[in-house]
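For reference, the structure is listed below as structure tokens.
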Amino acid sequence: MLQINELRAAIDDKEILKGLTLEVKPGEIHAIMGPNGSGKSTLANVLTGRDIATVTHGSIIFEGRNLLEMSPEERAREGIFLSFQYPIEIPGVSMVNFMKTAINEQRKHRGLDPLSASEFLRQMREKKELVEIDSALTNRSVNEGFSGGEKKKNEIFQMAMLEPRLAVLDETDSGLDIDALRIVANGVNKIRRPDTSVIVITHYQRLLEYIIPDYVHVLYDGRIVRSAGPELALELEERGYDWIRKEADITEESWTTDQK
Amino acid sequence: MDYRPEVIDRLSSMFATGRDTFLKDSPELFNRYRESAFGDFLHLGIPDRKNEAYKYTNLEKFLNHQYDDYYFPRPEDFREAERFHCEVEDLDVWNMVLLNGFFPNGEKGLVMLPGGIWVGSMRYAVKQFPALVEKHYNRYIEDGNDGLIPLNTALASDGLFIYAPKNTVYTKPIQIVNLLHSDKDIFVQDRNLVVVEEGAQLSLLSCDHAISPQRFLTNTITEVYVGRNARFEIIRVQNQHNNSGKITHTFIHQERDSYASSNNVSLHGGLVRNATWHHLGGENSETHSYGLFLADKEQHIANFVKVDHTAPNCNSTQLFKGVLDDKSSGAFNGRIMVHKDAQKTNAFQSNNNIILSETARMDTKPQLEIYADDVKCSHGATVGQLDENALFYLRSRGIDAREARLMLMFGFAHEVIQNIPIEALRERIDDLVHKRLRGELSRCASCAVQCN
Chain A
1 MLQINELRAA
11 IDDKEILKGL
21 TLEVKPGEIH
31 AIMGPNGSGK
41 STLANVLTGR
51 DIATVTHGSI
61 IFEGRNLLEM
71 SPEERAREGI
81 FLSFQYPIEI
91 PGVSMVNFMK
101 TAINEQRKHR
111 GLDPLSASEF
121 LRQMREKKEL
131 VEIDSALTNR
141 SVNEGFSGGE
151 KKKNEIFQMA
161 MLEPRLAVLD
171 ETDSGLDIDA
181 LRIVANGVNK
191 IRRPDTSVIV
201 ITHYQRLLEY
211 IIPDYVHVLY
221 DGRIVRSAGP
231 ELALELEERG
241 YDWIRKEADI
251 TEESWTTDQK
Chain B
1001 MDYRPEVIDR
1011 LSSMFATGRD
1021 TFLKDSPELF
1031 NRYRESAFGD
1041 FLHLGIPDRK
1051 NEAYKYTNLE
1061 KFLNHQYDDY
1071 YFPRPEDFRE
1081 AERFHCEVED
1091 LDVWNMVLLN
1101 GFFPNGEKGL
1111 VMLPGGIWVG
1121 SMRYAVKQFP
1131 ALVEKHYNRY
1141 IEDGNDGLIP
1151 LNTALASDGL
1161 FIYAPKNTVY
1171 TKPIQIVNLL
1181 HSDKDIFVQD
1191 RNLVVVEEGA
1201 QLSLLSCDHA
1211 ISPQRFLTNT
1221 ITEVYVGRNA
1231 RFEIIRVQNQ
1241 HNNSGKITHT
1251 FIHQERDSYA
1261 SSNNVSLHGG
1271 LVRNATWHHL
1281 GGENSETHSY
1291 GLFLADKEQH
1301 IANFVKVDHT
1311 APNCNSTQLF
1321 KGVLDDKSSG
1331 AFNGRIMVHK
1341 DAQKTNAFQS
1351 NNNIILSETA
1361 RMDTKPQLEI
1371 YADDVKCSHG
1381 ATVGQLDENA
1391 LFYLRSRGID
1401 AREARLMLMF
1411 GFAHEVIQNI
1421 PIEALRERID
1431 DLVHKRLRGE
1441 LSRCASCAVQ
1451 CN
């Protein structure tokens, strides 16, 4: 489904991703963990087409197509969804109008007719229940005046409405209390179809208690330095990231030495 | 070269040749003030950039033009006006048309609506309610520096009169359509007076349309008295053509426990300048001033607002927004003045603008002047482009860049539109703004002028 090969990306000439390789197959859940500044959010930006970072090397293939040549809206229509770490408030744009436009643009892309008003409202109702989002919120402007937890729920609500094939959850757990975390995580589990893939970007292990990953990768200094099963997340929770840092730096040194 | 001496010569000759007409055909009250007002105009001259309130507004293009002689309507002029129908669906209003600032003759000049509110022509009002008009006419004007104000007093011969006696309520809005129609270029001066007495309620919708392509310049004064515990709303929809200029001076005088709101929506018009003065003259009053404009091509749209807090415990809001494209320009000059007795004042002011092209220009000047010590005031102004983060957020959900931009602009505008108190009109304005932002013709369908 998704192949990231030797990806290098820079922000303002500073290289952030330094040769990242990752393959995600249909239905798999991958957790990407790592200390602050390791490049987690940059990866999310590059996947969804935010032009903050410039890709300098490597490739990303999604369903056989070159993702890097696609605009953000094309990627979304092809089935990529980003749950934002910091969802944006958009005063004056109603949630209803926003969702209706987004769904219908995606349907158009797939050669489908726009949803009827009643079908759209039915879906809104159904998906709202799924993520336990307050009805009043969806009558407001996009994220305007929402609390941190409501914003995150709203991201998952949008994911439920748009039914992506690959969801990228960027620090969806940050700022959530335990109840909200459970609701959000359960929402993700309920939305997922068997072939939906998920990349969970997170600093902590606690979200992974609910969204159980098939693989856990540690991103450090722009590279995946370790990959394993879900037990790696627990190990990180216990031991922190320092040992990863040390190991990685040693490898780096020996690698550098080898080159000489 | 200074164009103004020549314009003053032209206006002097308009005043001189018009004298025969207005002295014969207009009310004594109007005529009483004319000579001294014209003297004031000659003394003050045409406002230029040295006048703080006109610093960013150049009147030359519309003032420096050879308009026809003093306009006074002939009966046949009204034929076109009678054919005009407002196209807003489901808009349940009581409707009246003014042509070039005059009420149709022949009709009854003043009518009483169910509930006891009087609406009609200033000329008839002077005859029917002489004491009332005398008490309020020319009483609420505040700007002693703007020569265009005495110019209106010197030249106006008619206008809208509304009188809501004590405790009267008319449930529907009163709609006035200001039509401009002529086979000559004309300079129109209308003079309006609205008196909302104690406990009365009134909602006024004023729509501007130019239905012939001639050059028009309108210089309007509207004086509004809002009595104790009374409520007044005015909504202006300015949708003329770009060969037409509109300058309004609105003075809203409020007594204690009263409520007033003003909403100016400026869509088309080569030059639009709205000056709105809110005078909070009694305790516990509330006043709101809203404005939205969309400008493109070479339009210039200016809003001047002053909210005067002279009494304690009053609340005020100013919310003005503009979207500017092409070579258009805009100006905002907003002022909150809190006098020393106006303790517990709550005053808010905000002006936000979006610039879509490199050649558009916006000047904004928010001002606060506070002489009381227990007040809450805030003000702010922004001029910028669309929010890139918001744009990406919409696109990341599959919405294409163009549509996302439109949604953001529309959302930006809607924050002002949502304050329009009439639902059918709110929807209509939403629709007009939508079409305008999409580059589709947004003018009322009955308009024959294809100015785009």
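If you read the protein sequences in the order shown, they are chains A and B. FYI, the numbering used here numbers position 64 of the first sequence as 64, with every residue one higher than the one before it. FYI, the numbering used here numbers position 118 of the second sequence as 1118, with every residue one higher than the one before it. Note that the Cβ used here is the ideal one computed from N, Cα and C, for glycine as well. Please read these numbers as outputs of a predicted model, since none were measured by experiment.
- At least one C-beta of chain B is nearer than 8 Å to the C-beta of residue 73 of chain A.
- Residue 1414 of chain B sits in a helix when the DSSP states are folded into three classes.
- Ranked by Cα distance from residue 1149 of chain B, the options B/1102, B/1218, B/1425, B/1393 are led by B/1218.
- Here the alpha carbons of residue 1220 of chain B and residue 1021 of chain B stand approximately 20 Å from one another.
- For the stretch 1225-1250 of chain B, there are no residues whose beta carbon sits under 9 Å from a beta carbon of chain A.
- The stretch 51-65 of chain A makes no contact with the stretch 234-246 of chain A, as fewer than three CB pairs between them are under 8 Å.
- Look at residue 185 of chain A: its C-beta is not under 8 Å from any C-beta on chain B.
- Shown here, residue 18 of chain A sits in a strand according to DSSP, grouped into three states.
- Within chain B, the C-beta atoms nearer than 9 Å to that of residue 158 of chain A come from 1397, in chain order.
- The DSSP assignment places 1060-1063, 1078-1083 as complete runs of the alpha helix (DSSP H) inside the stretch 1057-1094 of chain B, in order along the chain (cut-off: 4 residues).
- Counting C-beta atoms within 10 angstroms of its own C-beta, residue 1239 of chain B has 16 or more neighbours from the protein chains shown and is therefore classed as buried.
- A distance of 8 Å or more separates the beta carbons of residue 1349 of chain B and residue 1375 of chain B.
- Of the residues B/1147, B/1297, B/1252, B/1081, the one whose Cα lies closest to the Cα of residue 1271 of chain B is B/1297.
- Using a 10 angstroms sphere on the CB of residue 122 of chain A, the tally of other CB atoms stays under 16, which defines it as exposed.
- Rounded to the nearest angstrom, the gap between the Cα atoms of residue 1128 of chain B and residue 1346 of chain B is 40 Å.
- The C-beta of residue 1371 of chain B has fewer than 16 other C-beta atoms within 10 Å across all chains shown, which makes the residue exposed.
- Ranked by Cα distance from residue 1041 of chain B, the options B/1005, B/1076, B/1071, B/1354 are led by B/1005.
- For residue 114 of chain A, no Cβ of chain B is located within less than 8 Å of the residue's own Cβ.
- Within its own chain, the residues whose Cβ lies closer than 6 Å to the Cβ of residue 1288 of chain B, once the five positions on either side in sequence are excluded, are 1261, 1317, listed in chain order.
- With a 10 Å radius around the Cβ and a threshold of 16 neighbouring Cβ atoms, residue 170 of chain A comes out buried.
- Of the candidates B/1354, B/1234, B/1328, B/1322, the residue whose Cα lies closest to the Cα of residue 1421 of chain B is B/1234.
- As computed with DSSP, residue 1364 of chain B is found in a beta bridge with B/1332.
- Remark: C-beta atoms of residue 167 of chain A and residue 198 of chain A approach each other more closely than 8 Å.
- Taking C-alpha positions only, residue 34 of chain A is separated from residue 22 of chain A by approximately 15 Å.
- In this chain, the alpha helix (DSSP H) harbouring residue 1152 of chain B covers 1148-1155.
- For residue 1305 of chain B, the uninterrupted beta strand (DSSP E) run begins and ends at 1300-1309, by DSSP.
- Between the alpha carbons of residue 1228 of chain B and residue 1336 of chain B lies a gap of roughly 22 Å.
- Put simply, the backbone Cα of residue 1153 of chain B is about 11 Å away from that of residue 1192 of chain B.
- Residue 226 of chain A and residue 7 of chain A have their C-alpha atoms some 16 Å from each other.
- Residue pairing by DSSP places residue 1218 of chain B opposite B/1188, B/1246 in a beta bridge.
- Of the candidates A/146, A/137, A/245, the residue whose Cα lies closest to the Cα of residue 221 of chain A is A/245.
- Annotated as proximal: residue 1356 of chain B and residue 1324 of chain B, with beta-carbon spacing under 8 Å.
- Within the same chain, and ignoring the five residues on either side of residue 1405 of chain B in sequence, the residues whose Cβ sits closer than 8 Å to its Cβ are 1386, 1391.
- In its chain, beyond the 5 residues on either side, 141, 144 have a beta carbon closer than 7 Å to the beta carbon of residue 91 of chain A.
- The Cβ atoms of residue 1156 of chain B and residue 1202 of chain B lie no closer than 8 Å to each other.
- Distance from the CA of residue 212 of chain A to the CA of residue 119 of chain A, rounded to the nearest whole angstrom, comes to 32 Å.
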